[in-house]
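Structure record follows, encoded as structure tokens.
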Amino acid sequence: MEALFEQGLQSMRMNYYPPRPQSDQLNEVDGLQIRKDGIWIPIKPLPYAFVINIGDILEVITNGAYHSIEHRGVFNAVKERMSIATFLSPKLDGEFGPAPSLLSSEATPKFRRIGHADYFKEYFAHKFSGRCYLDSLRI
Numbered sequence: 002m003e004a005l006f007e008q009g010l011q012s013m014r015m016n017y018y019p020p021r022p023q024s025d026q027l028n029e030v031d032g033l034q035i036r037k038d039g040i041w042i043p044i045k046p047l048p049y050a051f052v053i054n055i056g057d058i059l060e061v062i063t064n065g066a067y068h069s070i071e072h073r074g075v076f077n078a079v080k081e082r083m084s085i086a087t088f089l090s091p092k093l094d095g096e097f098g099p100a101p102s103l104l105s106s107e108a109t110p111k112f113r114r115i116g117h118a119d120y121f122k123e124y125f126a127h128k129f130s131g132r133c134y135l136d137s138l139r140i
């Protein structure tokens with residue numbers, strides 16, 4: 002696993018959400034939301050805390066033991082909000098799939114193996130609709 006992330010990719014994304022006082026520009030909730038059972042649920046921020054979202058690649062590597070979460074950021078009616086996301090990915094010429102140490106005759110692979118470059122190409126060519134790209138990797 003360590004070799005997969007050695008010489009891997011790291012990127013950062015900074016988002017600025019200005020105040021949106023017009024009610025027609027709000028979704029009636031503030032900040033970060035996650036989708037559970039088709040419903041968007043607001044996440045209350047904790048002072049001095051980080052939110053860690055497990056991504057699709059880690060869900061594949063853990064063979065579904067850890068789940069990536071569909072999430073989004075929304076505007077606040079009165080306060081500006083900023084978010085900073087850091088992404089860590091395997092090296093581009095690597096391949097990933099369920100970790101062999103997590104597989105057995107009882108725990109068979111739930112996802113197919115894929116090259117990281119191919120994953121990115123397919124991911125960005127895919128029409129986004131929730132987690133349907135991750136579903137396309139399922140066996």
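Going by the working numbering, the letters in the sequence shown line up with residues 2 to 140, in that order.
The beta-carbon is built from N, C-alpha and C at its ideal position, and this holds for glycine as well.
Checklist entry - Ends of the beta strand (DSSP E) at Val75? => result For Val75, the uninterrupted beta strand (DSSP E) run begins and ends at 72-75, by DSSP.
Checklist entry - Should Leu89 go down as buried or exposed, given a rule of 16 or more other Cβ atoms within 10 Å for buried? => result By the neighbour-count definition (other C-beta atoms within 10 Å, threshold 16), Leu89 is an exposed residue.
Next on the checklist: According to DSSP, Lys45 sits in a beta bridge with which residue or residues?
Outcome noted: The partner list for Lys45 (beta bridge, DSSP) is empty, contrary to what the question assumes.
Checklist entry - Closest to Val144 by CA distance: which of Val75, Ala126, Asn16, Arg114 is it? => result Shown here, the chain extends from 2 to 140; a query on residue 144 therefore has no answer.
Next on the checklist: Less than 6 angstroms between C-beta atoms, sequence neighbours within five positions excluded: which residues of the same chain meet that for Gly56?
Outcome noted: Here the set comprises Ser69.
Checklist entry - To the nearest angstrom, how far is it from the Cα of Lys128 to the Cα of Glu71? => result Lys128 and Glu71: Cα-Cα distance of roughly 15 angstroms.
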